[in-house]
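Undergrad: Residue numbers (the working numbering): 3 to 145. Glycine included, each C-beta is placed from N, C-alpha and C at the ideal position. Given the structure is predicted, the values throughout are model-derived calculations rather than measurements. I am attaching a structure below and will ask some questions about it afterwards.
Below you can see the structure in the form of structure tokens.
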């Protein structure tokens with residue numbers, strides 16, 4: 003199951019962006035992963051917002067807010083095309099939530115972490131990618 007975590011300095015997101023960004027990022031991740039739009043899969047797409055205290059982040063150059071998005075998916079869940087689309091749409095989503103423009107895109111970094119098969123567990127059991135694919139096929143409205 004996918005997870006997405008946005009780390010941002012406190013106050014770097016607009017009020018509306020702070021309220022909506024977690025749900026929007028989860029939706030982006032599910033779309034690019036190709037998961038069916040069902041209650042079960044939406045409930046498994048965990049999205050976190052970690053806000054850093056004032057002064058906790060800076061570069062060697064300045065202290066302009068930067069954003070780190072960490073995505074964790076089962077290995078093999080994303081093709082190169084899907085990873086590229088995920089990174090692009092995630093970046094746009096974060097920029098929008100922060101009230102920034104595409105010119106600020108380098109302030110958003112997206113790390114895609116692929117969890118090797120057999121190393122992901124939930125509900126007290128190991129979850130395998132093949133099991134998720136089979137479950138998704140069974141829940142698709144177009145199947």
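Which same chain residues, not among the five before or five after residue 106, have their C-beta less than 7 Å away from its C-beta?
TA: Closer than 7 Å at Cβ, skipping near neighbours: 97.
Undergrad: In or out: residue 42 buried (at least 16 other Cβ within 10 Å) or exposed?
TA: With fewer than 16 Cβ atoms within 10 Å of its Cβ, residue 42 is classed as exposed.
Undergrad: Could you round the C-beta distance between residue 53 and residue 12 to whole angstroms and report it? I think they count as a contact, below 8 Å.
TA: With a Cβ gap of about 4 Å, residue 53 and residue 12 count as contacting.
Undergrad: Have a look at the DSSP bridge pairing and note the partners of residue 6.
TA: 49 and 73.
Undergrad: Of all Cβ atoms in chain B, is any one closer than 9 Å to the Cβ of residue 62?
TA: The chain inventory of the structure shown lacks chain B, comprising one protein chain alone.
Undergrad: Below 9 Å between beta carbons: does that hold for residue 120 and residue 128?
TA: Yes, Cβ-Cβ distance for residue 120 and residue 128 is below 9 Å.
Undergrad: Please identify the residue among 46, 59 and 81 whose C-alpha is closest to the C-alpha of residue 124.
TA: Of 46, 59 and 81, the residue nearest in Cα terms is 46.
Undergrad: Among the residues of its own chain, which have a CB less than 6 Å from the CB of residue 68, if the five just before and after it don't count?
TA: These residues qualify, in order along the chain: 109.
Undergrad: Excluding the 5 residues flanking residue 49 on each side, which residues of the same chain have their C-beta closer than 6 Å to its C-beta?
TA: These residues qualify, in order along the chain: 6, 24, 27 and 28.
Undergrad: Grab the span of the beta strand (DSSP E) containing residue 112 for me, first residue to last.
TA: 110-117 is the extent of the beta strand (DSSP E) around residue 112.
Undergrad: Can you check whether the CB of residue 30 is closer than 9 Å to the CB of residue 80?
TA: In this structure, residue 30 does not lie closer than 9 Å to residue 80 by Cβ.
Undergrad: Can you find a heavy atom of the ligand SAH that lies under 8 Å from the Cβ of residue 100?
TA: In the structure on display, the ligand SAH does not appear, and there are no ligands present to speak of.
Undergrad: Can you tell me the Cβ-Cβ gap for residue 112 and residue 92, rounded? I've got them flagged as a contact below 8 Å.
TA: Yes, they are in contact, since the Cβ atoms of residue 112 and residue 92 sit about 5 Å apart, within 8 Å.
Undergrad: On the three-state DSSP scale, how would you describe residue 66?
TA: Residue state, collapsed to three classes: coil.
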